[in-house]
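Encoded as structure tokens, the structure appears first; notes follow it.
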Amino acid sequence: MRPPTDTIVAPSFPKDADWINVATLKLEQQSPRPVLIDFWDFCRPSSLRALRYVQEWQRRYEPAGLRIVSVHAPGFPPSHRRELIEAAVERLGIEQAVLLDPDFEYWRAFDNPGWPARYLFGPELMLTEVHYGEGGYQETEAAIQELLGIDQPPTALFDAADSMDAELVVPTADQPGAYCGPYGAGEVWVVTEGSGVLSVNGEPCEIDSAGAHRLIDHGQHCDAVLELSAEPSLTVHATCFSAGLAAAAV
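As structure tokens, this is what we get:
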């Protein structure tokens, strides 16, 4: 969405911030170009679903002048460990600048409400477009193209469930640990640390990295029963349920 005023200026990066993929950046040096600030966490399914769009914008629009800074703010115990963040950045193929915000210093500068969140700044680092949560990808991409003076078809990754008009069913709330019981959702994810075998409804699933892992994709909202059991070497911090399209909308 467009901000209510065109006088909101991007907060400066924390002076002592730690970075991945780049040397220390100064926001003020980015003022001639559009800057997209993306708050994420490699342990949050919503962040990973949004990440594929951010990565595609990095590929398509960085050569045209867009600067993307993905601000990693931790929401689970593994998210606090730099070596695990670095491993996730490499595993996920993230090429844009990553600012580590372990104490939520930059988060508070934005009064940011949650993950994911996107703030697009234009000339003189004035806020041009903002979006909280998933979705709104076509709107953000249109705003990026407008700032860059580009007119081309949007990213081909667009999914029907990401549409602002999509009819989604509210899923079961996220549950701590390895959940067993009934649920309703479009997808089932777990947030893990360590490595080992996770039994998913009696079927073995090898988990070899910390972070969010999708276990089940129903393709639409589905009511089902889940049985999870993890080896001692594998910690399941949470079981997460994502919204799916209503059956009539598929």
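Read in order, the letters of the sequence shown correspond to residues 31 to 280 in the working numbering.
Even glycine gets a Cβ: it sits at the ideal position worked out from N, Cα and C.
Apart from the five residues on each side of it in sequence, which residues of its chain come closer than 6 angstroms, Cβ to Cβ, to L78? If you number the sequence shown from 1, residue 78 lands on position 48. In chain order, A242 place their CB closer than 6 angstroms to the CB of L78, counting only its own chain and leaving out the 5 sequence neighbours on each side.
If you draw a straight line from the C-alpha of F140 to the C-alpha of L245, how long is it? Taking the sequence shown and counting its residues from 1, one reaches residue 140 at position 110. Taking the sequence shown and counting its residues from 1, one reaches residue 245 at position 215. Rounded to the nearest angstrom, the two C-alpha atoms are 33 angstroms apart.
Which ranges would you report for the alpha helix (DSSP H) in the stretch 122 to 184 if only whole runs of at least 4 residues count? Runs of the alpha helix (DSSP H) inside the stretch 122 to 184: 135 to 140 and 167 to 178.
Of all the options D68, G105, P64 and E86, which has the alpha carbon lying nearest to the alpha carbon of A268? In the sequence shown, residue 268 corresponds to position 238, counting from 1. It is G105 whose Cα lies nearest to the Cα of A268.
Taking the DSSP output, what are the residues bridged to R244? The residue you call residue 244 lines up with position 214 of the sequence shown. DSSP output for R244 lists W219 as bridge partner(s).
What residues in its chain sit with their C-beta under 6 angstroms from that of S109, if we drop five residues either side in the sequence? Along the sequence shown, one-based indexing puts residue 109 at 79. Only D71 and C73 meet the Cβ criterion.
Is L187 buried or exposed, if buried means 16 or more other CB atoms sit within 10 Å of its CB? The residue you call residue 187 lines up with position 157 of the sequence shown. The residue is exposed, with fewer than 16 neighbouring Cβ atoms inside 10 Å.
Reducing DSSP to helix, strand and coil, say where V52 ends up. Counting from one through the sequence shown, the residue named residue 52 turns up at place 22. For V52, the secondary structure class from DSSP, reduced to helix, strand or coil, is coil.
Measuring alpha carbon to alpha carbon, tell me which of D133, E171, F134 and W145 ends up nearest F151. Indexing the sequence shown from 1 puts residue 151 at position 121. The shortest Cα separation from F151 among D133, E171, F134 and W145 belongs to E171.
Check whether the stretch 142 to 158 touches the stretch 111 to 121, taking contact to mean three or more Cβ pairs, one atom from each stretch, closer than 8 angstroms. Fewer than three beta-carbon pairs drawn from the stretch 142 to 158 and the stretch 111 to 121 are found closer than 8 angstroms, and the two stretches are therefore not classed as touching.
Under 8 angstroms, with one C-beta from each stretch per pair, do the stretch 152 to 161 and the stretch 123 to 132 reach the 3-pair mark? No, the stretch 152 to 161 does not touch the stretch 123 to 132.
Hey, out of I67, P62 and T158, whose CA is closest to F43's CA? Residue numbering aside, residue 43 sits at position 13 when the sequence shown is read from its first letter. Put simply, of I67, P62 and T158 the residue whose alpha carbon is nearest the alpha carbon of F43 is I67.
Once you ignore the five residues that flank N231 on each side, which residues in its own chain have a CB closer than 6 angstroms to its CB? Sequence index remark: in the sequence shown, residue 231 carries index 201 (1-based). Excluding five sequence positions before and after N231, the CB atoms of its chain that fall closer than 6 angstroms to its own CB belong to E257, given in chain order.
Identify which residue in E236, D48 and P93 has its Cα closest to the Cα of R63. As a working note, residue 63 is residue 33 in the sequence shown. Taking only the C-alpha atoms, the option nearest R63 is P93.
Can you list, in chain order, the residues of its chain with a C-beta nearer than 6 angstroms to that of I98? Leave out the 5 residues immediately preceding and following it. Taking the sequence shown and counting its residues from 1, one reaches residue 98 at position 68. Taken in chain order, the residues that qualify are L66, Q88 and Q126.
Within 10 angstroms of its Cβ, does Q59 collect 16 or more other Cβ (buried), or is it exposed? Your numbering for residue 59 matches position 29 in the sequence shown. The residue is exposed, with fewer than 16 neighbouring Cβ atoms inside 10 Å.
Who pairs with L264 in a beta bridge, going by DSSP? Mapped onto the sequence shown, residue 264 falls at position 234. L264 pairs with G224.
Among the residues of its own chain, which have a CB less than 8 angstroms from the CB of P262, if the five just before and after it don't count? Here residue 262 is taken as the residue at index 232 of the sequence shown, counted from 1. Apart from the 5 residues on each side of it in sequence, P262 sits with its Cβ closer than 8 angstroms to the Cβ of G226 in its chain, given in chain order.
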